[in-house]
Each structure stands twice: as C-alpha cells, then as structure tokens.
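Visitor: Have a look at this one.
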Amino acid sequence: MIDLRLVRENPDLVRASQRARGADESRVDALLTADAERRQAVKRGDDLRAEQKNASAAVKKASPEERAAVLERAKSLAAQVKEAEEAQRAADAALREAHLKLANVVADEVPPGGEDDAVTLRTVGEVPTYDFPVRDHLEIGELLGAIDMERGAKVSGSRFYFLTGPGALLEFALAQLAIGRAVAAGFTPVVAPALVRPEAMEGTGFLGDHDEEVYRVERDDLYLVGTSEVALAGMHAAEVLDLANGPRRYAGWSSCFRREAGSYGKDTRGIIRVHWFDKVEMFSFCAPEEAAAEHLRLLAWEEEFLTALELPYRVVDIAAGDLGTSAARKYDIEAWFPSQGTYRELTSTSDCTTFQARRLNIRYKDSDGKNQIAATLNGTLCAIARTIACLLEVHQRADGSVYVPKALRPWLGGVELLTPGMTLAAAVPPPTA
RNA sequence: GGAGGCUUCGCCUAGUCCGGUCUAUGGCGCCGCACUGCUAAUGCGGUUUGGGUUAAUCCCCAUCCCGGGUUCAAAUCCCGGAGCCUCCGCCA
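Using this note's numbering, the first residue of the first sequence is number 530, and each one after it goes up by one.
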C-alpha cells in the first residue's frame, strides 16, 4: 500500500497516478474519507478509554458508601467503550480496504498509455536470419526429445509439459548458470517455498484485482506462488533489516504456478505460456532513495544473462497502464522468437518502492537510527521454460540440432550442439572429484 | 495424527498459581551526561513499537505471540489459533 501521508498531503499526485494506470481515481477520495473517519473514531475511542481507565481505578479506591455509584459509572463507561471500539474496528477495516484498493504511485518517468505503449529503450544483438524454414520451439523440442506436451496434457492438463532428455538437462544447466552468476554478483542463493500463506500473497499485491491468476489450496488456506518474489518478500516480513552496507539481495529458486485465466487461445503451442515453470528470481531490499539505481542494476544483470545466452533482445519501459499493482516502474526484456518473427517477454524487473514493504511491515534503520519502510525490487534472472523455448528457436540449425551458447556448455558436458538422437551421457558434466 | 512444555519492551530474565499497587523487575547491550589529562572503571539519566493530538513540546490510547471471551478492571482467568521444543505414530 502507498504512504497515507502522501495521500493526505498530495492527493492530486495520487489521483494522477491512478488516472495514468487507467484505474479509478475516485478511490483516492474514498481513501481520504475513510482516513478522516478512522481518525475521528480513534480519537473518540481513545478519549473514552482514558476516562474509563480512571473510573476503573476509582472503583478500587472508593469508600464502601460511594462504591456502588462509582461502579455504576465505570460499567456505563465500559459499555460506551465497547461501542466505540466496535465503531473503530469498522473504521479501521474500511480504511484498510480503501487503502488496499490503491495501486502503487507510478514513477514520473513512466511512459503514458497501456499495453501497446511500452517504449523501447534499446535493442541489443542482431536479429538472426536463417536460410531454411525455421521451426518453432515445440517442433525442435520434439525432434530433440526435449519437450513432451502431449503427455504433459495427459497427466496434468493443458499448458503442462514434460522436459525430457536434453530438455531436462537444459533446465539444470540454466539453473546452474543463473544461480552461479547471481552468487558471483553477491546475491544470497535461496530455495524458496512455493506454497505460502495468504498474508505473503496479499503483501506482495497478488490478491487484489488479479487474484484469478493465482492457484489457491483451499483446504489448507495456502496459495501456490506465481513467482518466488512472494516468498522472498515475505521472508523478512515484520523485520527490521540492516541495510547499512547496501541492498540485501537474494536469488530465489522456486517453481511458479499461474492459472493463466483469460489467456485462452494465447500461446497455446509449446512452453511459452504454461501453468507451471521454474524460475530464478532476483530480489532486493534497499533504502527507498536507492531503489531507482538498484532497479537499473537488476536490469543490467538480466541483460548480461541474456547476452551470455547469446540471445538478441530489446529492453522496453512498460507504460503506466500495464504496470502491476505493486510496481512504480517496470522494465521488460523481450527476446527474439524467430518462429513468431517478434520479440517476446523473457524477463521483467519491477521497482515496488515501499509498496510491498509497507504491507509486509519490512523496515530498516536509517543513518539516524530511525526505523523506516524499506523498498523492494524484483527481477527475473531466468524463467526457465520460456528461456528454453527461446534458446531452441534462436539457436536452431537446419537439421534440427541446436547450438549451445558457450556459457551453458560447462553444465552440458562441453557439447556445442544438441542433436536429435544424441547420447545424453555426452551432455553431462564429468564428475569433478 | 496424538501427548506435554514453552512464547514478556534488542538479548537474557522476574512477574502468571491467588486479576487492581505492572505506569512490567533485574542483568547485558546501546545512547547521552558527569567524573577521570587517554583508556578502563564508576555514578546519573535514557533505551519496545504503533496510533491519536500538536507549529513543536506536552499529553492521551494501544501493545506482555495472535484473535476472541469473562470483568468496573487481564501479562495474570477462560476459549480458539500460530510458532518453537520434547515424546509417540506415520513418512521421502
């Protein structure tokens, strides 16, 4: 949630932000009203409680003659307090509800518009050309024995898959590369839970207007995460972090689950849009004034990773109307998919400023020793299924084999080429010991 | 799944049986001041976190794991839940 003080002191700024998102700007006024009403209710409750405390203490001291009268007064005040507390609870709940309905305030520099108005910041790498008819990643995956959609559907339904043989090895190679690079850059590697409590889900902003995207395990009141961001943010909920030595960075590994409601007919082929995939996610806690710079660092790490995979891409600055609830700013990296002749999102990094941390009560001690709300940022290092899809397409050869980028080779037995029918033993790193 | 124990203001801890004097004890740590030509020691004071109010100070309210309840009054009594620990059962 956003800073209430900002809403009180500069409601126009918040209204403008809602407008830029294409969201309802009257929610700002609803929040202001709820805030004023809550403060009134709190004052009344506090005053009555103070009076009642005095009355209650007087009961003890009262002489036997006056005791009955004093007790009567205390009882009457107790009843009034009860009433006032009821009103206060209602006012608190109304405020929280109104507060949760506001998305994060959009950063000044964010391009206006919606989904189609992202601004391309740069394009990196040459779009490859092929002197043979290109195959899509599923065709290549099937030739290699790397992807099995049919059996995925048999076992789990549509948008599920098996990664088999070289596909499975690719998953581990990408994971090793991503985690290894993150650790080298100073991130703490984390294997994170994929099932989380509602508070973690709500705290990261996934239960608002987009909760139909999320799998819920009703029987146990748990949710399957759509990204390890949820667990990583929740990891330090209600804590005061030491950020004196700079941002606290995690590289989280987890499975990710998405219902993909409302995406019927989109990307039905292959493993570009699936209900489940594994991902290495970067997550950073830092001081709010450092968030924008940290955001660019996350973006740089993402770019370096794609460069290591020798994939051409472009960086886009997401427009206000297409930002997630928690994000003040978001950059996507879109990589080239030859079968589609276009760039598709491969990674995404969001600056959530203090929005998530305020909900999750994540603070840090500033240089004056005062507790302040921290900022949180997240960025994809490697969404594995989609990255495999992109690798297979971009690095395909006429005979159905696939070039292996140098960076991945250490994890694939040093092979330069994945070929249909190859011996898998060749693509496994030799034991080091 | 079953049985028991535990959870107090950074850490440790007193208090809980038997409700009010708890405005929560003491130690450690930390901050400030005093003293000492440095350091150490000592003394004094401060040190949970939120909210309300205010120009600011003051003040008020809440906060003893969380949520309910009993009561004029709850750290303390009752109910529910969470977390940690021990034991039994089951289990990769």
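All C-beta atoms, glycine included, are put in the ideal place defined by N, C-alpha and C.
If you check the beta carbons only, do glutamate 810 and glutamate 758 fall under 7 Å apart?
Guide: Yes.
Visitor: Determine the extent of the alpha helix (DSSP H) in which phenylalanine 884 is found, giving its start and end residues.
Guide: Taken as a continuous stretch (DSSP letters only), the alpha helix (DSSP H) holding phenylalanine 884 covers 884-889.
Visitor: If you run the structure through DSSP and keep just helix, strand and coil, what is cysteine 919?
Guide: If DSSP states are grouped into helix, strand and coil, cysteine 919 belongs with the helices.
Visitor: Compute the Euclidean distance between the alpha carbons of leucine 650 and aspartate 846, then round it to the nearest angstrom.
Guide: Their backbone Cα atoms lie some 7 Å apart in a straight line.
Visitor: State buried or exposed for arginine 688, treating a residue as buried only when at least 16 other CB atoms are found within 10 Å of its CB.
Guide: That one is buried.
Visitor: Once you ignore the five residues that flank proline 641 on each side, which residues in its own chain have a CB closer than 7 Å to its CB?
Guide: The answer, listed in chain order, is Ala549, Ala848 and Ala849.
Visitor: From the DSSP output, which residues share a beta bridge with glutamine 925?
Guide: DSSP output for glutamine 925 lists Val931 as bridge partner(s).
Visitor: Is asparagine 539 buried or exposed, if buried means 16 or more other CB atoms sit within 10 Å of its CB?
Guide: That one is exposed.
Visitor: With three or more beta-carbon pairs closer than 8 Å as the criterion, would you say the stretch 812-821 touches the stretch 893-907?
Guide: Counting Cβ pairs under 8 Å, three or more are found: they touch.
Visitor: With a threshold of 7 Å on Cβ separation, who are the neighbours of alanine 552 within its own chain once the five nearest residues in sequence on each side are excluded?
Guide: Around alanine 552: Ala632.
Visitor: Counting along the chain, where does the alpha helix (DSSP H) carrying tryptophan 830 start and finish?
Guide: 820-837 is the extent of the alpha helix (DSSP H) around tryptophan 830.
Visitor: Are glycine 715 and arginine 888 closer than 7 Å when you measure CB to CB?
Guide: Cβ distance not < 7 Å, so glycine 715 and arginine 888 don't count as in contact.
Visitor: Figure out for me which residue from Arg537, Gly853, Val599 and Glu833 has the closest Cα to the Cα of cysteine 911.
Guide: Nearest option by C-alpha distance: Glu833.
Visitor: Mind checking which residues open and close the beta strand (DSSP E) that includes glutamine 617?
Guide: Run containing glutamine 617: none in the beta strand (DSSP E); it sits in the alpha helix (DSSP H), 593-629.
Visitor: Mind checking whether serine 877 and aspartate 861 have CB atoms under 7 Å apart?
Guide: It is a contact, given that the beta carbons lie within the stated cut-off.
Visitor: Which parts of the stretch 661-740 are runs of the alpha helix (DSSP H), unbroken and 4 residues or longer, counting only runs that do not cross its ends?
Guide: As far as the stretch 661-740 is concerned, its whole alpha helix (DSSP H) runs of at least 4 residues are 666-673, 678-685, 695-713 and 727-732.
Visitor: Would glutamate 945 be called buried (16 or more neighbouring beta carbons within 10 Å of its own) or exposed?
Guide: Exposed: under 16 other Cβ atoms inside 10 Å.
Visitor: Rounded to whole angstroms, what's the CA-CA distance from isoleucine 917 to arginine 544? Just pull it up for me.
Guide: Approximately 42 Å between the Cα atoms of the pair.
Visitor: Closest to aspartate 749 by CA distance: which of Leu724, Ala766, Leu673 and Gly670 is it?
Guide: Among Leu724, Ala766, Leu673 and Gly670, the Cα nearest to that of aspartate 749 belongs to Leu724.
Visitor: Going by beta carbon distance, what residues of the same chain come within less than 8 Å of aspartate 738, once the five residues before and after it are set aside?
Guide: Cβ within range, chain order: Thr854.
Visitor: For tyrosine 690 versus isoleucine 801, is the C-beta spacing smaller than 7 Å?
Guide: Contact flag unset, no.
Visitor: Pop quiz: leucine 772 and tyrosine 893 are said to be a contact at Cβ under 8 Å. What is the actual Cβ separation, rounded to whole angstroms?
Guide: Sure, about 4 Å apart at Cβ, within 8 Å.
Visitor: Note down, in chain order, each residue of its chain lying with its Cβ closer than 8 Å to the Cβ of leucine 542, except the 5 sequence neighbours on either side.
Guide: These residues qualify, in order along the chain: Leu535 and Val634.
Visitor: Under the DSSP definition of a beta bridge, which residues are partnered with asparagine 539?
Guide: Its beta-bridge partners do not exist; DSSP assigns none.
Visitor: For serine 868, does the count of other Cβ atoms within 10 angstroms reach 16, so buried, or fall short, so exposed?
Guide: Result: buried.
Visitor: For glutamate 671, I'd like the list of residues in its chain whose CB is within less than 7 Å of its CB, leaving aside the five on either flank, ordered along the chain.
Guide: Once the five neighbours on either side are set aside, glutamate 671 has no close Cβ partner at all.
Visitor: Just verifying my parser: in three-state terms, what is the DSSP assignment at methionine 764?
Guide: In the structure shown, methionine 764 sits in a helix (DSSP, three-state: H, G or I).
Visitor: Can you give me the C-alpha to C-alpha distance between glycine 763 and alanine 587, rounded to a whole angstrom?
Guide: Between glycine 763 and alanine 587, the C-alpha separation is close to 46 Å.
Visitor: Does asparagine 583 come out as helix, strand or coil in the three-state DSSP assignment?
Guide: Note: asparagine 583 maps to helix in three-state DSSP.
Visitor: Quick check on DSSP: helix, strand or coil for isoleucine 847?
Guide: Residue state, collapsed to three classes: coil.
Visitor: Kindly indicate which residue of Ala790, Glu566, Arg778 and Arg664 has the alpha-carbon position closest to the one of aspartate 740.
Guide: Measuring from the Cα of aspartate 740, the nearest candidate turns out to be Ala790.
Visitor: Does the Cβ of glycine 775 have 16 or more other Cβ atoms within 10 Å, making it buried, or fewer, making it exposed?
Guide: With fewer than 16 Cβ atoms within 10 Å of its Cβ, glycine 775 is classed as exposed.
Visitor: Between the alpha carbons of glycine 929 and valine 663, how many angstroms are there, rounded?
Guide: Cα to Cα, the separation comes out at about 9 Å.
Visitor: Starting from aspartate 861 and walking both ways along the beta strand (DSSP E), at which residues does that stretch end?
Guide: That run of the beta strand (DSSP E) goes 858-866.
Visitor: For alanine 956 versus leucine 941, is the C-beta spacing smaller than 7 Å?
Guide: A contact, by the Cβ cut-off of 7 Å.
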